[in-house]
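The structure appears below as structure tokens.
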Amino acid sequence: EIVMTQSPATLPVSPGEGATLSCRASQNINNNLAWYQQKPGQAPRLLIYDISTRAAGIPTRFSGSGSGTEFTLTINSPQSEDYAVYYCQQYSTWPPYTFGQGTKLEI
Amino acid sequence: EVRVLESGGGLVQPGGSLRLSCEASEFTYSIFFMNWVRQAPGKGLEWVSTITGSGGATYYADSVKGRFTISRDNSNNTLFLQMNDLRAEDTAVYYCVKSRGFHGRNPFHIWGQGTMLTVSS
Numbered sequence: 148e149i150v151m152t153q154s155p156a157t158l159p160v161s162p163g164e165g166a167t168l169s170c171r172a173s174q175n176i177n178n179n180l181a182w183y184q185q186k187p188g189q190a191p192r193l194l195i196y197d198i199s200t201r202a203a204g205i206p207t208r209f210s211g212s213g214s215g216t217e218f219t220l221t222i223n224s225p226q227s228e229d230y231a232v233y234y235c236q237q238y239s240t241w242p243p244y245t246f247g248q249g250t251k252l253e254i
Numbered sequence: 057e058v059r060v061l062e063s064g065g066g067l068v069q070p071g072g073s074l075r076l077s078c079e080a081s082e083f084t085y086s087i088f089f090m091n092w093v094r095q096a097p098g099k100g101l102e103w104v105s106t107i108t109g110s111g112g113a114t115y116y117a118d119s120v121k122g123r124f125t126i127s128r129d130n131s132n133n134t135l136f137l138q139m140n141d142l143r144a145e146d147t148a149v150y151y152c153v154k155s156r157g158f159h160g161r162n163p164f165h166i167w168g169q170g171t172m173l174t175v176s177s
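Residue numbers (the working numbering), protein chains in the order written: chain A, 148 to 254; chain B, 57 to 177.
Dropping the structure here:
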């Protein structure tokens, strides 16, 4: 099973500052990495897949990068609606599909 | 608009059974992998099960293998999760999720709003 590890668990960010969220895979997952956003009381939403491709309707302030086992989600100038929990997920070697434990972006 | 909508959650006693349903709309349902993902209260996301477009292959997390059964009715665009021998640790919001494509190496694209299962006496 591929273990996904996210850091930090909580990321305090002021509006307008950049935010960098990290995700590490326990083995090479090629480009099979996605990021999801989950706001309180809502279902998760696909933000980015294949490391860096934004899903439909996702603002350009969200960007993904990385390769192999190290990945990053960057949020440029977070808006108030961006404060949420972010999960990474690998879909390279499955089953099982595995998620990171999440990073909470907070003010 | 592409949507999936779960139903069937509720309160069940330990050892009991329940079947979740998920109705899909506005996409060619039968070609896409479909999934169940759950989230225990205050916890992260846990993949539960996946079924291929034809329904010919199914996959399960070790935590539910032998107790849960995923199935689909492509004529009615519906996904199911039959859950037996339920345990307290199965308590969670269960999400029906459409994969982005028709093979397994795809992210989880469209999520339902979730249905809550509580296992308690």
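Cβ atoms here follow ideal geometry from the backbone N, Cα and C, with glycine treated the same way.
Bear in mind the structure is a predicted one, so any value in this text is a computation, not a measurement.
| Query | Result |
| --- | --- |
| For chain B, find out if any of its Cβ atoms is closer than 8 Å to the Cβ of Pro-187 of chain A; answer yes or no. | no |
| Would you be able to state if there are at least three C-beta pairs under 8 Å between the stretch 234-241 of chain A and the stretch 57-72 of chain B? | no |
| For Asn-140 of chain B, collect the residues of the same chain with a Cβ closer than 6 Å to its Cβ; drop the 5 residues on either side in sequence, then sort them by chain order. | Ser-73 and Arg-123 |
| Give a yes or no on whether the C-beta atoms belonging to Thr-152 of chain A and Lys-251 of chain A are separated by under 8 Å. | no |
| Between Trp-103 of chain B and chain A, is any beta-carbon pair separated by less than 8 Å? | yes |
| For Phe-246 of chain A, return the contacting residues in chain B, with the cut-off set at a CB-CB distance below 9 Å. | Val-93, Gly-100, Leu-101, Glu-102 and Trp-103 |
| In angstroms, rounded to a whole number, what distance separates the CA positions of Tyr-85 of chain B and Gln-236 of chain A? | 23 Å |
| Secondary structure at Ala-144 of chain B, three-state DSSP: helix, strand or coil? | helix |
| Using CA coordinates, which residue listed in B:Glu-145, B:Ser-131 and B:Ile-126 is at the minimum distance from Gln-138 of chain B? | B:Ile-126 |
| Please identify, using Cβ separations under 8 Å, the residues of the stretch 200-228 of chain A that lie next to chain B, in order along the chain. | Ala-202 |
| Between Ala-190 of chain A and Gln-169 of chain B, is the Cβ-Cβ spacing less than 8 Å? | yes |
| Determine the DSSP secondary structure at Ser-81 of chain B, reduced to helix, strand or coil. | strand |
| Looking at the secondary structure, which residues open and close the beta strand (DSSP E) in which His-165 of chain B lies? | 164-167 |
| Inspect the beta-carbon positions of Val-93 of chain B and Glu-102 of chain B and report whether they are closer than 8 Å. | yes |
| Using DSSP bridges, identify the partner residues of Ile-273 of chain A. | This structure cannot speak to residue 273 of chain A, because chain A is shown only from 148 to 254. |
| Quick one: is Asp-118 of chain B buried, meaning 16 or more other Cβ sit within 10 Å of its Cβ, or exposed? | exposed |
| Give the interface partners of Asn-179 of chain A over in chain B, defined as CB-CB distance under 7 Å, in chain order. | Arg-161 |
| May I have the straight-line CA-CA distance separating Arg-171 of chain A from Ala-231 of chain A, to the nearest angstrom? | 20 Å |
| Does DSSP put Pro-222 of chain A in a helix, a strand or coil? | The question names Pro, but residue 222 of chain A in the sequence shown is Ile. Strand, per DSSP. |
| Would you list the one or two residues that DSSP bridges to Lys-154 of chain B? | B:Met-90 and B:Ile-166 |
| I'd like to know whether the C-beta of Gln-236 of chain A is nearer than 8 Å to at least one C-beta of chain B. | yes |
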